[in-house]
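Structure first, then comments.
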Amino acid sequence: MKILFIYPVPPSCFIPRGFSNGIASISAVLKRAGHTTDLLYVESLNEEDLNRSILAGVDIIAISATTDQFELAGKVVNFIKLNYGIPVILGGVHATVAPEEAIQLDGLTGICIGEGELPLLELVNALGAKNDYLHINNFWFRNGTEIIKNPLRNLISNLDELPFPDRELFDYQQIVNDNYDDGAEFMVGRGCPFLCSFCINKSLQDLYRGKGTFVRYRTVDNVISEIRQVVAKYSNISKITFQDDILALNKKWLTEFSGKYASEIGIPFRCNLRADNVDVETLSLLKQANCSELWVGVETGSERLRNSLLKKQLPTATIVEAFDLIHQYGIKSKAYNMLGLPGETCDDIEETIRLNKMIKPDLKNITIFRPYPGTELYEYCKEKNWISDRKVSGYWEESILDQPSLSKEDTYFYQLLFYYENKAPWLAKIARILNSVRITPRISLFRLLHNKTIMYSLYAMIKRSGRKI
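Its first residue numbered 527, the sequence shown is counted upward by one per residue in my numbering.
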């Protein structure tokens, strides 16, 4: 059987032809069973590309989609329905956390919920043998007007049993070359034990309750073996990125990893860490392994929002101590910050700016809060009726919230101000002055000067009035 994976690429994606560990893992399992796979990136509904790929002997199409990819995925599904009779399966995060919405896409054969390696293999085998497939666990299937909702199977308990992700499916050498620092990405485990209200992990924990251990790690030897294989196969890899939510939760695992990575790999790497996970022992082990950069979620300078709203349970003092210790070990740091949180005020954001000045991260990541389906804050914002109809394709654009405490214009201003404070403090002072001059209660002079649409409209209006510019 030949399976075509479709990877929708939303406009907000910084690396249009990136790597998906989920698709790569499923592809590896299918190939091990004797099936063939192909991949098509879809950046828009290009019918020529779709026709060319689908006509190349494809038996089943599998689309993986996050919430940001879901709209484009729907257009692809509709095109396939109108032009081909090929089974189409949708999987990924959005199908898992919003299955009732996902299954409504006209043209879908079904959706895969949760881990997809074993369910998709079972489905492909059944289709190849022309056997009944409507009762395969993890799938919801459309059968005429009926929707068949099958239960979840247990989580994969031993991740070492999976083959290494199929990087050949992607043009992985080009992906490495396109990364600004020639980096390669890896995952050492699955699952996060924390319950942050802006993240889907709480939903996933609830979904898989009673289905096995949620937080799982591959063995160190298995991880080292994959890295060694990838570094040998692809040239110019000068940085490793571990994409796990938190790399260093298990001290026993980290101790073994530190020694073996240092002696067998040695390439500088970066990873995510919680502030309350930062201590002398952890940093010593990471430093020994040649960790060059740590990414830490600050989220907000407001302890009230961080703990009561986001449920991080992180005192500000813990964050300050964590960054002080990271600096002492000579490891580069990145602080993750979110703006436009539900109930946030301009004063709260000023606290976030002050905290970042205090902890002095080498890098800052400033995103606009987005209430994603499957999160506690999505339900909170929905209940408050704060979610607007504005279309954005990621968390780098304007806020989609219409809330009384903070306008989308103020959120936009503070996102830019963060960058000014970091790169050119003198420009931040000018920006603050311009923002204090109000054209309307919601539009400042700063916003006016940064909005091309408004400026073009103003230009046209003045031109129509007969004045020279």
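Glycine is no exception: its CB is placed at the ideal position from the N, C-alpha and C atoms.
Residue i - containing beta strand (DSSP E), residue span
i, result
"residue 565", "562–568"
"residue 722", "No beta strand (DSSP E) contains residue 722, which DSSP labels as neither H nor E."
"residue 617", "614–617"
"residue 503", "This structure cannot settle anything about residue 503, because the visible part of the chain is limited to 527 through 995."
"residue 552", "Per DSSP, residue 552 belongs to no beta strand (DSSP E); it is in the alpha helix (DSSP H), 547–558."
"residue 674", "672–675"
"residue 691", "Residue 691 -> no beta strand (DSSP E), and no H or E assigned at all."
"residue 695", "No beta strand (DSSP E) contains residue 695, which DSSP labels as neither H nor E."
"residue 799", "795–799"
Secondary structure of residue i, DSSP reduced to three states
i, result
"residue 635", "coil"
"residue 593", "helix"
"residue 884", "helix"
"residue 975", "helix"
"residue 781", "helix"
"residue 871", "coil"
"residue 574", "helix"
"residue 924", "coil"
"residue 703", "helix"
"residue 966", "coil"
"residue 815", "coil"
"residue 840", "coil"
"residue 500", "For the chain, the structure presents residues 527 to 995; residue 500 sits outside this window and is missing."
"residue 786", "helix"
"residue 775", "coil"
"residue 910", "helix"
"residue 600", "helix"
"residue 848", "helix"
"residue 863", "strand"
"residue 804", "coil"
"residue 917", "coil"
Close beta carbons around residue i, own chain, < 8 Å, minus the five adjacent residues each side
i, result
"residue 603", "589, 614, 616, 631, 632, 633 and 634"
"residue 715", "685, 741, 742, 743, 744 and 770"
"residue 695", "531, 549, 550, 553, 563, 564 and 565"
"residue 728", "721, 722, 901 and 902"
Cutoff 7 Å; reference residue i; Cβ partners in own chain excluding five residues on either side
i, result
"residue 551", "643, 688 and 691"
"residue 814", "784 and 788"
"residue 887", "849, 859, 860 and 861"
"residue 562", "528"
"residue 994", "Low confidence applies to residue 994: its pLDDT is 43, below 50, so where it sits in the model is not reliable, and the reading given next is rough at best. Same-chain partners within the cutoff: there are none."
"residue 725", "901"
"residue 625", "637, 639 and 666"
"residue 963", "970 and 971"
"residue 600", "631"
"residue 647", "555, 556 and 559"
"residue 779", "743 and 746"
"residue 610", "580"
Sequence-distant residues of its chain with Cβ nearer than 6 Å to residue i (five each side left out)
i, result
"residue 877", "827 and 828"
"residue 869", "931"
"residue 797", "768 and 773"
"residue 756", "710"
"residue 801", "822, 840, 844, 845 and 848"
"residue 699", "760"
"residue 881", "827"
"residue 567", "533, 535 and 543"
Counted within 10 angstroms of its Cβ, other Cβ atoms place residue i as buried (16 or more) or exposed
i, result
"residue 959", "exposed"
"residue 739", "exposed"
"residue 922", "exposed"
"residue 669", "exposed"
"residue 661", "exposed"
"residue 975", "exposed"
"residue 754", "exposed"
"residue 764", "exposed"
"residue 761", "exposed"
"residue 806", "exposed"
"residue 884", "exposed"
"residue 675", "exposed"
"residue 810", "exposed"
"residue 936", "buried"
"residue 866", "buried"
"residue 966", "exposed"
Segment limits, alpha helix (DSSP H) that includes residue i
i, result
"residue 737", "Taken as a continuous stretch (DSSP letters only), residue 737 belongs to no alpha helix (DSSP H), as it is neither H nor E."
"residue 958", "951–962"
"residue 895", "From DSSP, residue 895 is part of no alpha helix (DSSP H); its letter is neither H nor E."
"residue 751", "746–759"
"residue 528", "Unbroken run through residue 528 is the beta strand (DSSP E), 528–534; no alpha helix (DSSP H)."
"residue 654", "643–654"
"residue 628", "625–628"
Cβ of residue i within 7 Å of any chain C Cβ
i, result
"residue 645", "The structure shown contains no chain C; it is built from a single protein chain."
Do three or more CB pairs link the region 719–731 to the region 783–795 at distances below 8 Å? no
If we count Cβ pairs, one from each stretch, closer than 8 Å, do we get three or more for the region 733–749 versus the region 674–687? yes
The region 906–918 / the region 727–736 touching (three or more Cβ pairs under 8 Å): no
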